[in-house]
Each structure stands twice: as structure tokens, then as C-alpha cells.
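**Q** Before we start, here is the structure in question, set down as C-alpha cells.
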Amino acid sequence: MPWGTYGGPLVAGEPGDAPDALGTHLRQSLGLGWFLATPGPWQHVPLGSPFATYSTQVVDLSGGLDGLWKGLDKDARNQVRQAERAGVEVSVDNSLSAFDDYYAMLEASAQRWGRTDPGKPRSLFRAIARLGTEATTRLWLAHVEGRLAAGALCFYGRSEVFYWSGAMHAEHARSRANNLIQWRIIQHAVAQRFQTYNMGSSGDLEGVRRFKGGFGARARDYPAYFIGTGPLRLAPTLLRLRHAARR
């Protein structure tokens, strides 16, 4: 999968059906080259020693909607109710104009976070709008009195909903539109029999981590494997050194 989501299978069938030396086999077949494999927080074929470990936050949807509602923390439930009382309206709009409006909101959010831009170009979001379908891609938008307040862009796999991008207009923060969007995403995912809602990494943003935790999201670690040949085998070491220097 592109755009920072997780990759597909390297082998068909159950992981146990694959040879234990898959990483070695791939290295031998590369010639001169490299690739980075990020299988996500799920069962997978080990590809050697991980060069890095990442973390994401996942909501288990298997308990049903009643159990999920009870699993929300008190503040999250109250804020969902607050948004409903305030008349916040949530809908899905995959039109190009909706994606353009969402990107403008994303730019405003980036400036609020002290960034010069959202980190991903408008052309990427336009391509997603053009190529995505409601079966694979949903842009969830919340409006307050007809004005765009918040949004979330989700990708839909075989059993997982992946929360890829989120943005909000600061002046509508008190409406709790963001909270209602998340609950609507969960409601839809349960109705469509998805098994997990992957809310993504929170990095070092403690407030974001708490927000996701309020909806029952639990941290899951997952590895990233670097497979390279020849001098490219040194790349993970160089990446670690660069990361240490930046810190």
C-alpha cells in the first residue's frame, strides 16, 4: 500500500507456510538493491533482525458497538454526546472539491502545529480523490451550521480501517466535531464487519495519544525490516546515525 500504509503479503497462505530463510532468499535474489518491509502490527513472516520498531494505536472492533461504547472513557462519551447536541453533522464526501476543502483545512492545521506545510502535496490528495472508491477510501467531514469543522481520511482494507489523516479548524474545537467523526467511523466499521480500526502512530504527541486512547485504541509495536545487498547493507547503520545526530 502507498501513502504510508502497510504493505501486502510477500507470500500467499499462512505465514507458517513460508520458508524461514525468506529474508536471506530475498537478499540473494536482489542483485544490487534494497527494500524496506513494514508488515504492520500483525502476524507476518520474519525477515531477519528488525532495523527499527514503530508503534501504532489500534481499536479492536470484535466486541460489538455496545461494548465499544462502554469502553470509551467518560470524557470521550461526553464529548460525542456534546457534538450531537450541538448539531454537528458528519458525512462522507469523496468529491474533488471536498478533498480540496479538506487540504485547505490540513494546511491551516499544519501552520497551527508550527509546520510550513502538511508534509504531503495537494496533488497526492487529488489523486486519491480521483482513484479511490468508497470501498477503499472515505473522506469523513463534520460540519457545524453548514461550515466545515473537521475531517478524517480513512483507507479500507480487507479487515482493517486505517486512519491516515486528520485535520480540524481551531475555531470549531469546542463543538467536539473531531470526536463525533471518530465515533461515526467506528460505528460504520462495526456495521461493515471490520475487525480493527488502526488509528496510526501518535509520535511524541501525548495529547493525540490520549485522544485515541479515549476511543479504546491500544498501542501495538511492529518492526521494520531493511534488506539490502553489497554496500547498501550499511544503510540502516547510516540511518540510525543520522537519526541520533538529529536528536
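In this note's numbering, the protein residues as written are 143 to 389. Backbone N, C-alpha and C fix where the C-beta goes; we use that ideal spot for every residue, glycine too.
Within 10 angstroms of the Cβ of Gly372, are there 16 or more other Cβ atoms? Answer buried if so, exposed if not.
**A** exposed
**Q** Are there 16 or more other CB atoms within 10 angstroms of the CB of Asn220, so buried, or fewer, so exposed?
**A** exposed
**Q** Note down, one range per segment and in chain order, each alpha helix (DSSP H) of at least 4 residues found wholly within the segment 193-268.
**A** 206-213, 216-227, 238-254
**Q** Should Arg280 and Val332 be called a contact, given that it needs their Cβ atoms to be closer than 8 Å?
**A** Taking 8 Å as the Cβ cut-off, Arg280 and Val332 do not qualify as a contacting pair.
**Q** With three or more beta-carbon pairs closer than 8 Å as the criterion, would you say the segment 183-203 touches the segment 254-267?
**A** no
**Q** Quick check on the DSSP output: the alpha helix (DSSP H) that includes Leu322 runs from which residue to which?
**A** 319-333
**Q** Could you name the residues that DSSP lists as bridge partners for Ser307?
**A** Looking at the DSSP assignment, Ser307 forms a beta bridge with Leu295.
**Q** If we ignore side chains and look at the alpha-carbon of each, how far apart do Leu210 and Leu376 end up?
**A** 45 Å
**Q** In chain order, what are the residue ranges of uninterrupted beta strand (DSSP E) at least 3 long that sit wholly in the segment 337-375?
**A** 338-342, 360-370
**Q** Please list, in chain order, all residues of the same chain as Ser301 whose beta carbon is under 8 Å from its beta carbon, the five residues on each side excluded.
**A** Around Ser301, the same chain offers Phe336, Gln337, Thr338 as residues with beta carbons nearer than 8 Å, after the five sequence neighbours per side are excluded.
**Q** Between Ala179 and Tyr367, which are expected to be in contact by the criterion C-beta below 8 Å, what is the C-beta distance as a whole number of angstroms?
**A** 4 Å
**Q** If I measure Cβ to Cβ from Leu381 and keep anything under 7 Å in the same chain, skipping five residues before and after, which residues do I get?
**A** none
**Q** Specify whether the segment 284-292 and the segment 215-230 touch according to this definition: at least 3 beta carbon pairs, one from each stretch, less than 8 Å apart.
**A** yes
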